[in-house]
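The structure under discussion appears below in the form of structure tokens.
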Amino acid sequence: MKKLKHILEYLLFILLTRTLRLLSVDTSASLCSFIAKKIGPYLRVTKTARKNLKRVYGNETDIEKVINDLWDNYGRYIGEFPFINVLDSLELDKRVKVIGLEKVEAFKKANQPFILFLGHQANWDFVIRKINDIYPKFGIAYRKANNPYVDREILKERENDQHITMIAKGPSGAKSIIKAIKSGASLAMLVDQKMNNGIEVPFFGFPAMTAPALAKISLQYKYPIVPLQIVRIGKSSYFELILHDPLKPLIDKDIEKSCYNIMLEINKILEQWIREKPEQWFWFHNRWKN
Numbered sequence: 020m021k022k023l024k025h026i027l028e029y030l031l032f033i034l035l036t037r038t039l040r041l042l043s044v045d046t047s048a049s050l051c052s053f054i055a056k057k058i059g060p061y062l063r064v065t066k067t068a069r070k071n072l073k074r075v076y077g078n079e080t081d082i083e084k085v086i087n088d089l090w091d092n093y094g095r096y097i098g099e100f101p102f103i104n105v106l107d108s109l110e111l112d113k114r115v116k117v118i119g120l121e122k123v124e125a126f127k128k129a130n131q132p133f134i135l136f137l138g139h140q141a142n143w144d145f146v147i148r149k150i151n152d153i154y155p156k157f158g159i160a161y162r163k164a165n166n167p168y169v170d171r172e173i174l175k176e177r178e179n180d181q182h183i184t185m186i187a188k189g190p191s192g193a194k195s196i197i198k199a200i201k202s203g204a205s206l207a208m209l210v211d212q213k214m215n216n217g218i219e220v221p222f223f224g225f226p227a228m229t230a231p232a233l234a235k236i237s238l239q240y241k242y243p244i245v246p247l248q249i250v251r252i253g254k255s256s257y258f259e260l261i262l263h264d265p266l267k268p269l270i271d272k273d274i275e276k277s278c279y280n281i282m283l284e285i286n287k288i289l290e291q292w293i294r295e296k297p298e299q300w301f302w303f304h305n306r307w308k309n
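Numbering (the numbering used here), first residue to last: 20 to 309.
Structural data, given as structure tokens:
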């Protein structure tokens with residue numbers, strides 16, 4: 020029954036993506052936004068988003084407006100996904116601007132790979148298409164979809180370049196990360212996901228389980244850490260990928276303390292980005308303990 024369910028989900032996924040590709044990317048994004056704003060508020064995940072927003076903002080902001088705009092962004096994300104790897108280079112360059120390349124110029128000249136960290140903001144999948152503008156070779160850590168057939172299809176969409184290696188998170192992914200490091204690749208990691216283990220680090224002032232893998236890799240392999248902010252321009256399918264200054268974390272003789280300091284600084288940067296565009300962050304998961 021589980022396999023049958025996965026096959027049906029996969030067929031629905033294929034039907035949806037192929038149907039949306041009959042439209043333009045802008046029409047697809049607007050259509051999915053319209054549907055998401057109509058249906059999304061009645062889904063269980065909206066209760067999670069509302070709870071998270073109330074935890075962070077209290078009565079400081081119009082939470083229902085943020086939720087409406089949140090579904091607009093997520094609907095556009097769904098509508099844009101089928102087009103990410105079919106847009107030609109000219110159209111992609113028009114829609115996705117990389118800002119701050121000078122922040123990594125010294126690393127490129129010295130052939131010094133680094134770790135790029137980002138959050139689930141705007142449409143993070145567009146980063147994959149533009150990532151070789153930032154460094155010639157990348158290993159990108161990602162979380163597998165629960166459905167193996169859908170995961171295979173998504174992977175096919177994402178891994179569109181011989182200089183990009185998609186690395187599934189988990190025990191098998193650790194070996195792939197080491198292999199990527201030995202090949203001289205930079206790494207890209209999403210660092211704002213819900214974790215059941217890791218280390219407790221404040222996020223918006225509340226303890227949040229945080230994966231220390233990024234910090235450990237940086238310390239062990241002397242990889243600098245570079246923040247990458249993703250911003251959707253208005254309610255459109257145009258984006259800015261903003262590279263910020265590399266981190267200068269407080270390093271301690273105690274490795275665990277150093278890892279904590281690094282992840283604390285990263286969480287603070289993510290907080291700042293999210294406060295700038297709260298509707299563009301993925302509030303739907305339980306980032307904090309109850």
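Glycine is no exception: its CB is placed at the ideal position from the N, C-alpha and C atoms.
request  = List the residues that DSSP assigns as beta-bridge partners of Ile244.
outcome  = Per DSSP, Ile134.
task = Would you mind listing the alpha helix (DSSP H) stretches within the stretch 266 to 298 that are 4+ residues and don't spill past its ends, in chain order?
result = 274 to 295
request  = Starting from the C-beta of Glu259, find all residues in its chain whose C-beta is less than 6 Å away, skip the five residues before and the five after it, and write them out in chain order.
outcome  = Same-chain partners within the cutoff: Lys116, Ile118, Val250.
task = Would you identify the three-state DSSP class for Pro226, choosing helix, strand or coil?
result = strand
ask   = Below 8 Å, can you find three or more Cβ-Cβ pairs linking the stretch 60 to 67 to the stretch 208 to 218?
value = no
inquiry  = Which of the three DSSP states is assigned to Gly203 in this structure?
reply    = coil
task = Starting from Ile261, trace the beta strand (DSSP E) both ways and give me its first and last residue.
result = 258 to 262
Whole-number beta carbon distance between Pro265 and Ile244, since they are thought to touch under 8 Å = 6 Å
message = Whole angstroms are fine: how far does the CA of Leu89 sit from the CA of Phe301?
response = 8 Å
message = Check whether the stretch 275 to 287 and the stretch 213 to 220 are in contact - that is, three or more C-beta pairs closer than 8 Å.
response = In short, these stretches touch, since the Cβ pair count reaches three.
message = So, at 6 Å on beta carbons, what are the nonlocal neighbours of Pro226 in its own chain, with the 5 sequence-adjacent residues on each side left out?
response = Glu219
message = Quick check on Asn78: buried or exposed, where buried means 16 or more other Cβ atoms within 10 Å of its Cβ?
response = exposed
request  = Measure the C-alpha to C-alpha separation of Leu35 and Leu238 and round it to an integer number of angstroms.
outcome  = 43 Å
Three-way DSSP call (helix, strand, coil) for Met209 in this model = Just to set this straight, residue 209 is Leu in the shown sequence, not Met. Note: Leu209 maps to strand in three-state DSSP.
query = Does DSSP classify Tyr161 as helix, strand or coil?
reply = strand
key: CB contact flag (Arg148, Asn104, <8 Å)   = yes
ask   = If we ignore side chains and look at the alpha-carbon of each, how far apart do Lys128 and Gly203 end up?
value = 13 Å
inquiry  = Could you compute how far the alpha carbon of Phe157 sits from the alpha carbon of Lys201?
reply    = One C-alpha to the other measures close to 12 Å.
ask   = With 8 Å set as the bound, which would you pick, yes or no: does the beta-carbon of Ala141 sit closer than that to a beta-carbon of chain D?
value = Looking at the structure shown, chain D is missing, and only one protein chain is on hand.
ask   = Hey, how far is the Cα of Phe133 from the Cα of Arg95?
value = 31 Å
inquiry  = When you compare the CB positions of Gln291 and Gln140, do they come within less than 8 Å of one another, or not?
reply    = no
ask   = Just curious, the beta strand (DSSP E) that Thr184 is in, first and last residue?
value = 183 to 187
ask   = Who are the near neighbours of Ile261 in its chain, counting only those whose CB is closer than 6 Å to its CB and skipping five residues on each side?
value = Around Ile261, the same chain offers Ile118, Gly119, Gln248 as residues with beta carbons nearer than 6 Å, after the five sequence neighbours per side are excluded.
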